[in-house]
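Counting from 1, position 169 in the sequence shown corresponds to residue 174 in the working numbering; the numbering is continuous, with no gaps. Note that CB positions come from ideal geometry on N, CA and C, so glycine has one too. First up is the structure itself, then whatever we jot down about it.
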Amino acid sequence: MAAATMTREAGFLGVFFYIISLSLAAQEAPITELPGLKERAVVIDIVARVLELNDSETWTSENSKITIPGRPVTIKLIGQNVVVLAQFTPYIREDGKKFLVAQGQVWIDTESSGIKYQTTMQTIPLEYGERLYFFPLGPTTKDGKSSIEIQLELKPYVKETPTQDLTKPDENASGDAPKK
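Printed below as a string of structure tokens:
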């Protein structure tokens, strides 16, 4: 029995995530190509980490997702004995104030009590560039095991400026003013 417990704890700590997927809840359309949507688009930067008791990182994933207000971004983390499903939906009110609805669902398979289910929902006011931290398992675990930290940052979508075409010769290559 002790070997099974040790294997389970080592699996939880050492090989916490074996499948990671980030997906959008709705079918992902090219927001930047749809008229009227790119002006409303926002970017959610997501950093998901597994932390040990000494705050060392066991695992890290960084992603950015483009979405529009009201459209959720979903993160699904699957480990050996834990599944975390988190949805983050940005909203912008008419007065320009921003907030994020964070929904989390966690399934944990514990040896002592079997599968536990926990759900949370929170509305969080924020500004562009402000970092939020979401702890699906709580900020620290009571049993001394790893914890999960999801860091979020909301930014306005800014279309990248096209780079200058280097194949065309510059008309003013000499630096002289153009002739009139």
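For my contact list, residue i and residue j are in at a C-beta cut-off of 8 Å; report their separation, rounded to the angstrom.
{"i": "K43", "j": "Y133", "result": "The pair is not a contact, with the Cβ atoms about 16 Å apart (cut-off 8 Å)."}
{"i": "V47", "j": "P95", "result": "5 Å"}
{"i": "G143", "j": "S151", "result": "Not quite, the Cβ-Cβ distance comes to about 12 Å (not below 8 Å), so this is no contact."}
{"i": "P141", "j": "V89", "result": "5 Å"}
{"i": "L157", "j": "I71", "result": "Wrong, their Cβ atoms sit about 14 Å apart, outside the cutoff."}
For residue i, which residues of its own chain have a beta-carbon under 8 Å away from its beta-carbon, when the five flanking residues on both sides are left out?
{"i": "T115", "result": "N86 and K121"}
{"i": "A182", "result": "Bear in mind that the predicted position of A182 carries a pLDDT of just 44, short of 50, making it unreliable; the figure below should be weighed with that in mind. No residues qualify anywhere along the chain."}
{"i": "M126", "result": "V106, A107, Q108 and G109"}
So, at 6 Å on beta carbons, what are the nonlocal neighbours of residue i in its own chain, with the 5 sequence-adjacent residues on each side left out?
{"i": "F195", "result": "There is simply no residue 195 to check, as the chain begins at 6 and stops at 185 in what is shown."}
{"i": "P130", "result": "F104"}
{"i": "I113", "result": "V87 and K121"}
According to DSSP, is residue i part of a helix, a strand, or is it coil?
{"i": "I97", "result": "strand"}
{"i": "K186", "result": "Lying outside 6 to 185, the shown extent of the chain, residue 186 is not represented and no answer is given."}
{"i": "D60", "result": "coil"}
{"i": "F140", "result": "coil"}
{"i": "R54", "result": "strand"}
Does the segment 99-118 come close enough to the segment 62-73 that 3 or more CB-CB pairs lie under 8 Å?
no
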